[in-house]
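**Q** Provided herewith is a single structure, encoded as structure tokens, for subsequent inquiry.
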Amino acid sequence: MRIHGSTNTTNYICACGLFPYILNCVWLWYKYEKITTQFLTCFIIFNNGILFHLYFPNNLIVKYYDICVNVFFITMVNILNIIDSNFKETIVFCTLTSLTIFLLNFYFLKNYYNLTNYLHVIGVQWILFYALINSKEHYNFTVISFIKNRYAIFHDCL
1 MRIHGSTNTT
11 NYICACGLFP
21 YILNCVWLWY
31 KYEKITTQFL
41 TCFIIFNNGI
51 LFHLYFPNNL
61 IVKYYDICVN
71 VFFITMVNIL
81 NIIDSNFKET
91 IVFCTLTSLT
101 IFLLNFYFLK
111 NYYNLTNYLH
121 VIGVQWILFY
131 ALINSKEHYN
141 FTVISFIKNR
151 YAIFHDCL
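Here it is in structure tokens:
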């Protein structure tokens with residue numbers, strides 16, 4: 001399923017904007033030698049972004065899959081930020097700023113291809129990356145400990 005009327009080809013600018021995510025994966029693996037939730041988030045965002053921006057830039061299904069997965073991670077980081085005792089306004093501000101820029105690009109700046117690409121990289125990808133790395137205190141736990149803790153809480157309820 002192609003995006004109607006789209007002449008966009010492979011988007012190297014937006015793909016290069018994903019580079020900090022994979023660098024963070026390498027750094028987290030070097031630091032913890034475990035798969036943390038932040039590692040997994042960065043890895044999935046990087047792979048989905050590469051899949052859309054490089055391989056299937058005109059595919060609506062891949063586009064909306066990428067958007068939905070990113071919205072899930074943004075929501076998860078913000079919810080964990082809100083329920084944490086060390087609430088950070090920076091994360092909420094970054095989320096609102098990137099959402100505004102994304103919507104501005106999506107609805108009003110479609111005809112300015114290079115401008116929208118650079119705005120997407122700086123105003124969406126990098127600002128959300130900044131919010132993600134600032135959520136380390138309460139978001140960077142290992143996946144196994146997360147599953148064990150959730151199972152223990154569920155098991156205690158029974």
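Numbering (this note's numbering) for the sequence shown: 1 to 158. Glycine included, C-beta positions come from ideal geometry on N, C-alpha and C.
Do you know whose CA, among 38, 122 and 133, lies nearest residue 13's CA?
**A** Within the sequence shown, the letter at position 13 stands for residue 13. Residue 13 has its Cα closest to that of 122, out of 38, 122 and 133.
**Q** Kindly indicate which three-state DSSP category residue 95 falls into: helix, strand or coil?
**A** Walking along the sequence shown from the start, residue 95 turns up at place 95. Helix, per DSSP.
**Q** For residue 20, tell me which candidate among 78, 32 and 47 has the shortest Cα-Cα distance.
**A** The residue you call residue 20 lines up with position 20 of the sequence shown. Cα-wise, what sits closest to residue 20 is 47.
**Q** Whether or not the region 97–106 and the region 122–132 are in contact is what I'm after, with contact meaning three or more pairs of Cβ atoms, one per stretch, closer than 8 angstroms; do they touch?
**A** In short, these stretches touch, since the Cβ pair count reaches three.
**Q** Excluding the five sequence neighbours on either side, which residues of its own chain have a C-beta within less than 8 angstroms of the C-beta of residue 64, listed in chain order?
**A** Here residue 64 is taken as the residue at index 64 of the sequence shown, counted from 1. So the list is empty, once near-sequence residues are dropped.
**Q** How many angstroms separate the CA atom of residue 152 from the CA atom of residue 33?
**A** The residue labelled residue 152 in the question sits at position 152 within the sequence shown. The residue labelled residue 33 in the question sits at position 33 within the sequence shown. Any reading at residue 152 must be qualified, since the residue scores a pLDDT of 49, below 50, and its modelled position is unreliable; no value is offered.
**Q** Does the distance from the CB of residue 169 to the CB of residue 54 come in under 9 angstroms?
**A** Given a span of 1 to 158 for the chain in the structure shown, any question on residue 169 remains unanswerable.
**Q** Can you list, in chain order, the residues of its chain whose CB lies under 6 angstroms from that of residue 56, leaving out five sequence neighbours each side?
**A** Numbered from its first residue, the sequence shown carries residue 56 at position 56. The answer, listed in chain order, is 62.
**Q** In three-state DSSP terms, what is residue 11?
**A** Mapped onto the sequence shown, residue 11 falls at position 11. Residue state, collapsed to three classes: coil.
**Q** Taking residue 81 and residue 45 to be in contact with their CB atoms under 8 angstroms, please state how far apart those CB atoms are, rounded to whole angstroms.
**A** By one-based count along the sequence shown, residue 81 stands at place 81. By one-based count along the sequence shown, residue 45 stands at place 45. Not a contact, Cβ separation roughly 17 angstroms.
**Q** By the 10 Å Cβ neighbour count, where 16 or more other Cβ atoms means buried, how is residue 117 classified, buried or exposed?
**A** Start at 1 with the first residue of the sequence shown, and residue 117 comes out as number 117. Under this definition residue 117 is a buried residue.
**Q** Does DSSP put residue 58 in a helix, a strand or coil?
**A** Taking the first residue of the sequence shown as position 1, residue 58 is located at position 58. Here residue 58 sits in coil by DSSP.
**Q** For a minimum of 4 consecutive residues, which ranges assigned as the alpha helix (DSSP H) are wholly contained in the region 21–59?
**A** With a minimum length of 4 residues, the continuous alpha helix (DSSP H) runs that stay inside the region 21–59 are 37–50.
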